[in-house]
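Right, one structure below, let's go through it.
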Ligand SMILES: Cc1ncc(COP(=O)(O)O)c(C=O)c1O
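Residue numbers (my numbering): 234 to 508.
Structure representation (structure tokens):
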């Protein structure tokens with residue numbers, strides 16, 4: 234396993250992670266007000282970087298956060314950090330945390346950090362055998378923005394551990410929305426259905442839909458909870474999880490309780506496309 238990257242970027246400077254700091258008055262720290270991006274790399278190249286940076290801009294705008302750094306500059310900093318840390322591949326985290334309210338600009342100034350992290354992996358069985366989800370009545374605030382607020386997600390960690398679940402599926406008003414850190418999909422035979430409203434529009438979600446479009450009928454629409462009973466397959470998708478089949482949601486077995494054929498086919502398509 235690679236050593237933990239030593240150098241990061243904070244507000245215009247390259248500093249060692251150990252000595253990196255932001256002011257204790259930062260509103261991201263004090264109030265949890267901020268947005269971020271999380272990007273992974275394949276073959277030494279950040280995956281869908283332009284899309285992640287476009288989403289970062291939209292997330293910042295949604296929260297009236299100033300983002301005084303261009304996408305091109307962020308791209309150059311990532312390249313520089315990889316060189317400086319002498320690593321070919323890492324996970325990339327970009328934080329934009331509110332500093333204080335700027336009355337004239339009518340927006341929040343922000344602290345910006347760019348960090349490289351050791352790639353996070355999950356057991357292979359999560360992709361081959363599938364995973365369990367538990368549900369929770371919840372809808373993320375400012376759902377379209379990738380905010381740093383993961384209170385509900387982290388709070389549910391103990392419950393997930395007890396129940397052997399990898400993710401919590403947020404449900405609201407009788408609809409399945411998304412998971413704590415991934416998007417949710419079901420198959421009804423050859424129809425692939427995934428929500429579009431009140432969720433974070435995942436970069437992986439978009440990529441999976443683009444791969445699936447050639448082979449399946451796609452419906453981007455609400456998924457009612459009653460529909461889960463009729464689902465032949467289900468899966469989740471996210472940057473750090475790629476595609477994971479879902480075999481159980483609470484006590485409901487999905488399909489025959491094994492990773493579905495369509496999902497396995499999508500996993501193969503995904504792997505061929507990225508590796
Ligand atoms: C709430 C939520 N939904 C969906 C996703 C998946 O998004 P992406 O595919 O861009 O990683 C994430 C990723 O962290 C998330 O936090």
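For glycine and all other residues, C-beta sits at the position ideal for the given N, C-alpha and C.
Since we're looking at a predicted model, the values are computed, not measured.
Membership of residue 441 in the alpha helix (DSSP H) is indicated by the continuous run 436-445. Within 6 Å of the C-beta of residue 495 there is not a single heavy atom belonging to ligand 1. Here the alpha carbons of residue 465 and residue 285 stand approximately 31 Å from one another. DSSP places residue 268 in the strand class (E or B) of the three-state scheme. For residue 242, the beta-bridge partners assigned by DSSP are 247, 347. Taking C-beta atoms as the reference points, residue 456 and residue 428 count as a pair closer than 7 Å. Secondary structure at residue 286: helix, using DSSP grouped into helix, strand and coil. Within the segment 458-504, complete beta strand (DSSP E) segments of at least 3 residues are found at 466-471, 475-482, given in chain order. For residue 395, the enclosing alpha helix (DSSP H) has its first and last residue at 390-396. One Cα belongs to residue 401, the other to residue 355, and the distance between them is close to 16 Å. Residue pairing by DSSP places residue 401 opposite 367 in a beta bridge. The residues 355, 415, in chain order, have a CB closer than 7 Å to that of residue 474 in the same chain once the five nearest residues on each side in sequence are set aside.
In this model, residue 366 and residue 335 are separated by some 42 Å (Cα to Cα). Within 10 angstroms of the beta-carbon of residue 236 lie fewer than 16 other beta-carbons, which makes it exposed. In the displayed model, residue 374 falls within coil according to three-state DSSP, outside both helix and strand. For residue 267, the shortest C-beta to heavy atom distance toward ligand 1 is 6 Å or greater.
Assignment of beta-bridge partners to residue 335 by DSSP yields 340. Contact annotation, residue 267 with residue 380: C-beta distance approximately 7 Å; criterion of less than 8 Å satisfied. The count of Cβ pairs closer than 8 Å, one atom from the segment 294-302 and one from the segment 313-325, stays below three, leaving the stretches out of contact. For residue 394, the number of other beta carbons within 10 angstroms of its own is below 16, and it is reported as exposed.
By the C-beta density criterion, residue 453 is exposed, having fewer than 16 other C-beta atoms within 10 angstroms.
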